[in-house]
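Read the structure below first, then the notes.
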Amino acid sequence: LQKYIWNGKPHLSLKDLREYLNRYVYLPRLKNQEVLIKAVQAAVSGMLPGPFAYAERWDEKSDKYLGLSIDRAGNAVVVIDSDSV
362 LQKYIWNGKP
372 HLSLKDLREY
382 LNRYVYLPRL
392 KNQEVLIKAV
402 QAAVSGMLPG
412 PFAYAERWDE
422 KSDKYLGLSI
432 DRAGNAVVVI
442 DSDSV
């Protein structure tokens, strides 16, 4: 997965992740978009182990994540669009 999905990228857009989960047979299928939203919320709230974070978007100009939610972020509002990572 590192080679094909991440491919040297520092982050994945949630829109791309949703599409990968629906396209590639070796990845699990999503029942619906809400499942992915709840998984991201669980990850950034600290319920899942690992270095997870969510950002509303990546700003290339400033080289910063905007609307960043990190470990123990509580009730992060997660939106799946072309900006969210």
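Throughout, our numbering is defined as the position within the sequence shown, counted from one, plus 361.
All residues carry an ideal CB built from backbone N, CA and C; glycine is no exception.
Every value quoted in this text rests on a predicted model; they were computed, and no experiment measured them.
- Apart from sequence neighbours up to five positions away, the residues of its chain that approach Leu382 with a beta-carbon distance below 8 Å are Leu388, Pro389, Arg390, Leu391 and Leu397, ordered along the chain.
- Fully enclosed beta strand (DSSP E) runs of no fewer than 3 residues occupy 418-420 and 425-427 of the segment 395-432, in order along the chain.
- In this model, Asp420 and Tyr385 are separated by some 29 Å (Cα to Cα).
- Here Leu378 carries a helix assignment [DSSP, helix/strand/coil].
- Taking C-beta atoms under 8 Å as the contact rule, Ala437 and Tyr415 qualify, at a distance of about 6 Å.
- For Lys425, the closest of Ser445, Lys376 and Tyr365 by C-alpha to C-alpha distance is Ser445.
- The three-state secondary structure of Tyr365, taken from DSSP, is helix.
- Cβ-Cβ distances below 7 Å link Leu427 to Ala416, Glu417, Arg418 and Asp420 in the same chain, with the five nearest sequence neighbours on each side left out; the list follows chain order.
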